[in-house]
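Going by the UniProt record's numbering, the first residue of the sequence shown is number 1, and it counts up by one from there. C-beta atoms are modelled at their ideal positions from N, C-alpha and C, and glycine is treated no differently. Just so it is clear, the structure is predicted and the values come from calculations on it, not from any experiment.
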Amino acid sequence: MVQVVIVGAGIVGLTLGQALESQNIPFIILERDASADDRGQGWAITLHWALPLLRKMLPQELMDRIKRCRVSSQAAGDDAESFKLINLKDCSEIQNTPVEERWRVNRGKLRLALPEGVDDNIQWDQHVVNIEYHGDLVKVHCSDGGVHIADFAIGADGSGSAIRKFLCPEKHAVTPLPYRMLGVGTKLTKEQVAPLRSIDQLLFQGCEPGTGNFLYCSLLEPPTRETSSCTVQFNISWPKSPKQEEVFSDNASRLLALKARAQGFAPCLRNAIEGIPEETPVSEVRTCDPDWRRRSSDDRGEAGNFGMWDVYKLSEKLKRVNGGKDEIPNAIQKFEEEMMERAAVTILDSRRACEDAHNWPVDRSSPLVTERKMPQQYL
1 MVQVVIVGAG IVGLTLGQAL ESQNIPFIIL ERDASADDRG QGWAITLHWA LPLLRKMLPQ
61 ELMDRIKRCR VSSQAAGDDA ESFKLINLKD CSEIQNTPVE ERWRVNRGKL RLALPEGVDD
121 NIQWDQHVVN IEYHGDLVKV HCSDGGVHIA DFAIGADGSG SAIRKFLCPE KHAVTPLPYR
181 MLGVGTKLTK EQVAPLRSID QLLFQGCEPG TGNFLYCSLL EPPTRETSSC TVQFNISWPK
241 SPKQEEVFSD NASRLLALKA RAQGFAPCLR NAIEGIPEET PVSEVRTCDP DWRRRSSDDR
301 GEAGNFGMWD VYKLSEKLKR VNGGKDEIPN AIQKFEEEMM ERAAVTILDS RRACEDAHNW
361 PVDRSSPLVT ERKMPQQYL
């Protein structure tokens, strides 16, 4: 029986744990956070072409829980067929890219939903400090002195991956892209959000001619019977200046810069961003070139889908091992070779989408606007 150590209880690590649980493959998940809600989980994640894969590998009960994590079940049902790119100066449509099905899922809610049923397999507050190989086994050492032995370990611990540092000590760092990004989640009234949701009920992107400014706008929390306000995400990115870059010394300076970037936007967009309260936290998001395994600049909205794809392909390989149809070394080697081949294409698509998002006019053949679909050549 295969024994697996998963490092990282994020969305991908937890989904892999659930897939292994459904196959009765023993595993543990080591997570550096103290609990599932120990820190903010970002904004939301868009699942589209990976949904059929999730349905294949996860039980229906879990899929129902994931579905309940959508940011707006009504919007998801009524407006699940496109990704929209607009001109930020006048809100005119540049491209409307179709997609068969789309779930916009709250990341925080999803991370709280995924551990259900595998809670006993998760060890929180575990910081991996070393990995050793002993024959066909691997030893994972944690800072508290704990040692975990398995057939192999899987790093699902994000862009600052500890596992990647051990595997590639000289090449583990990600490469910053020449763009800056500020992001905020803010409360808006029904009246304020109405013109935004008239563009798209869930999310849209936009380019501003002549400035290089790019906007990502997404609904995070819809209005409810109890409250008339909703939460909306605004991310604005732009090319780095060849001159001395502005230093944002505090939250106030970040918010001021965010609002300044919106001055040329259409009134409905500019007014919504200008109305963000002064105390609202604003984050500067690091834009990085995708690493050797994972996309990270996500202007196509596919990062989570490729993560789920990797989970599906790995779980299928392990199913063959458990059934006596393959050996672990061969299965893992095949998985890594396939993943590297996929990454070589998707990383370039992601990088070009990021570049094209900040260069007007937008080429209709750009990965920024082409169809989001499962890459059939890798099935």
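Bounding residues of the alpha helix (DSSP H) (the contiguous stretch that carries F306): Element bounds for F306: 303-322.
Status (buried if at least 16 other CB within 10 Å, exposed otherwise) for V12: By the 10 Å Cβ count, V12 comes out buried.
Reduced DSSP category for F335 - H, G, I as helix; E, B as strand; rest coil: Correct three-state label for F335: helix.
Those runs of the beta strand (DSSP E) which lie wholly inside the segment 15-94 and span at least 3 residues: Counting only runs of 3 or more residues that sit fully inside the segment 15-94, the beta strand (DSSP E) segments are 27-30, 44-47, 82-87, in chain order.
Residue closest to V193, alpha-carbon to alpha-carbon, out of S350, G183, R164, P223: Nearest option by C-alpha distance: P223.
Assigned exposure category for Y179 - 16 Cβ within 10 Å defines buried: Buried is the call here.
Contact check, K84 vs P209, beta carbons under 8 Å: No, Cβ-Cβ distance for K84 and P209 is not below 8 Å.
Exposed unless 16 or more other CB atoms sit within 10 angstroms - verdict on D310: Classified as buried, D310 has 16 or more neighbouring CB atoms from the shown chains inside 10 Å of its CB.
Secondary structure, alpha helix (DSSP H): runs of 4+ residues fully inside the segment 185-270: Restricting attention to alpha helix (DSSP H) runs no shorter than 4 residues, the segment 185-270 encloses them at 190-199, 251-261, ordered along the chain.
R352 vs S366 beta-carbon contact at 8 Å: Contact annotation: R352 and S366 have beta-carbon atoms nearer than 8 Å.
N- and C-terminal bounds of the alpha helix (DSSP H) containing A113: 107-113 is the extent of the alpha helix (DSSP H) around A113.
Extent of the continuous alpha helix (DSSP H) to which V137 belongs: Sequence check: residue 137 is Leu here, not Val. Not the alpha helix (DSSP H): L137 falls in the beta strand (DSSP E), residues 137-142.
Nearest-angstrom Cα separation, counted from L30 out to W233: Rather than Trp, the amino acid found at residue 233 in this sequence is Gln. Take the alpha-carbon of Q233 and the one of L30: they are about 30 Å apart.
Supposed close pair T280, L255 - CB separation, criterion 8 Å: Correct: roughly 7 Å between the Cβ atoms.
6 Å Cβ shell around H358 - same chain, five flanking residues per side excluded: G212, F214, P239.
DSSP state of G13 mapped onto helix, strand, coil: In this structure, G13 counts as helix in the three-state DSSP scheme.
Identified DSSP bridge partners for H148: Beta-bridge pairing by DSSP links H148 to V140.
C-beta contact flag for N330 and V2 at 8 Å: At the C-beta level, N330 and V2 stay beyond 8 Å of one another.
Straight-line Cα distance separating C91 from L269: Within the model, the alpha-carbon separation for L269 versus C91 is close to 9 Å.
Separation of A50 from I154, as counted between CA atoms: Spanning the two alpha carbons is a distance of roughly 20 Å.
Enclosing alpha helix (DSSP H) for I276 [first to last residue]: Premise fails: I276 is in no alpha helix (DSSP H) and is neither H nor E.
When V99, L110, K56, V7 are compared against residue 425, the one with the closest alpha-carbon: Nothing can be reported for residue 425, as the shown portion of the chain is limited to 1 through 379.
Whether L54 touches M63 by CB criterion (8 Å): Yes, the pair counts as a contact, with Cβ atoms nearer than the cut-off.
Start and end residues, beta strand (DSSP E) containing V174: Where V174 is concerned, there is no enclosing beta strand (DSSP E), given that its DSSP letter is neither H nor E.
Euclidean distance between Cα positions of E327 and G185: Answer to the nearest angstrom: the Cα atoms are 47 Å apart.
8 Å contact criterion, which A156 and I6 should meet: CB distance rounded: The pair is a contact, with the Cβ atoms about 6 Å apart (cut-off 8 Å).
Simplified DSSP assignment, three categories, for S350: In the three-state reduction of the DSSP assignment, S350 falls in the helix class, which pools H, G and I.
Neighbour-count burial assignment, D38, 16 or more Cβ in a 10 Å radius: So D38 counts as exposed.
Nearest neighbour of Q205, chosen from L368, Y312, G135 [CA to CA]: Here the closest residue by C-alpha is L368.
Residue interval of the alpha helix (DSSP H) (run including L368): Premise fails: L368 is in no alpha helix (DSSP H) and is neither H nor E.
Beta-bridge partners of L182, as assigned by DSSP: For L182, which the question treats as bridged, DSSP gives the partners I236, E284.
C-alpha gap between W292 and D356, whole angstroms: Here the model assigns W292 a pLDDT of 37, short of 50, so the residue's position is not dependable and the matter cannot be decided.
Simplified DSSP assignment, three categories, for E355: In the structure shown, E355 sits in a helix (DSSP, three-state: H, G or I).
Proximity of H48 and R107 at Cβ, strictly below 8 Å: Cβ distance not < 8 Å, so H48 and R107 don't count as in contact.
DSSP state of R104 mapped onto helix, strand, coil: Three-state result, R104: strand.
Residue range of the unbroken alpha helix (DSSP H) whose run includes A162: Counting along the chain, A162 sits inside the alpha helix (DSSP H) bounded by residues 162-167.
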